[in-house]
Amino acid sequence: MRIDFFKEDCHGSCFNDKEVGVCDDQESTKAYINKENKEKWIATIKNLKSKIIDFYAIDNCIEIYRENNDKDNKCDAMLIYENGIIFIELKDKRADWIPDAIGQLENTIKYFIENHGIEQFNIKKAFACNKRKPNFQTINMQIKQSFYQKWKVRLHIEATIKIQ
106 MRIDFFKEDC
116 HGSCFNDKEV
126 GVCDDQESTK
136 AYINKENKEK
146 WIATIKNLKS
156 KIIDFYAIDN
166 CIEIYRENND
176 KDNKCDAMLI
186 YENGIIFIEL
196 KDKRADWIPD
206 AIGQLENTIK
216 YFIENHGIEQ
226 FNIKKAFACN
236 KRKPNFQTIN
246 MQIKQSFYQK
256 WKVRLHIEAT
266 IKIQ
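Have a look at this one:
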């Protein structure tokens, strides 16, 4: 069964603001863009050239099932702009969050590629963002290289998403 990542009710907003936040209230609700309340922001989008960006919620909006009909894990959201796509996983944890976040990003990218392809985008990134650890997190370069070799998507572990 085809999975439509561009469902209209999952299209949260279209914006060209220089700075917005991505929020997730964590109570089985969709991730969303917030322009005012920085306290709620888990990730910050710095849109340095005021590009037009489309935000799509994925978790709690798009249903993805395994072959045994159990729901499958997925990341929280994605951004689409000009020739770029960014997958976003939002966390609010102190420890042991990176492997889980990477797994959710990988799973989403796999399903996205199967249903839409990804070769039409020149810029392909995945961000694992954590409100409690917003600065760049050091992870093994081998993990980043392996992620890129497998998906052709650059992995970032930080809460600031720069779009140039």
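Number 244 in this note's numbering belongs to position 139 of the sequence shown; there are no gaps in the numbering. All C-beta atoms in this analysis are idealised placements derived from N, C-alpha and C, irrespective of residue type, glycine included. Computed from a predicted structure; not experimentally measured.
Own chain, CB closer than 6 angstroms to I196, minus 5 neighbours either side, in chain order: In the sequence on display, residue 196 carries Lys and not Ile. The residues are W202, A206 and N235.
Whole beta strand (DSSP E) elements within the segment 106 to 159, 3-residue minimum: 116 to 120, 124 to 128, 137 to 139 and 148 to 152
If I measure Cβ to Cβ from L260 and keep anything under 6 angstroms in the same chain, skipping five residues before and after, which residues do I get? Taken in chain order, the residues that qualify are A231, K249 and F252.
Beta strand (DSSP E) segment containing A233, residue limits: From DSSP, the beta strand (DSSP E) with A233 extends over I228 to N235.
Identity of the residue in A200, N188 and K215 nearest F226 by Cα: Ranking A200, N188 and K215 by Cα distance to F226 puts N188 first.
Using alpha carbons as the reference points, say which of E219, I169 and F192 lies closest to F160. F192
From what residue to what residue does the alpha helix (DSSP H) around E211 run? Counted as a single uninterrupted DSSP element, the alpha helix (DSSP H) harbouring E211 occupies residues I203 to H221.
Sub-7 angstroms separation of I163 and V125 beta-carbons: Result no, Cβ atoms of I163 and V125 do not sit closer than 7 angstroms.
Please name the residue, chosen from I214, N139 and T265, that lies closest to D129 on a Cα-to-Cα basis. N139
With distances taken between CB atoms, is the gap from Y216 to I268 smaller than 7 angstroms? no
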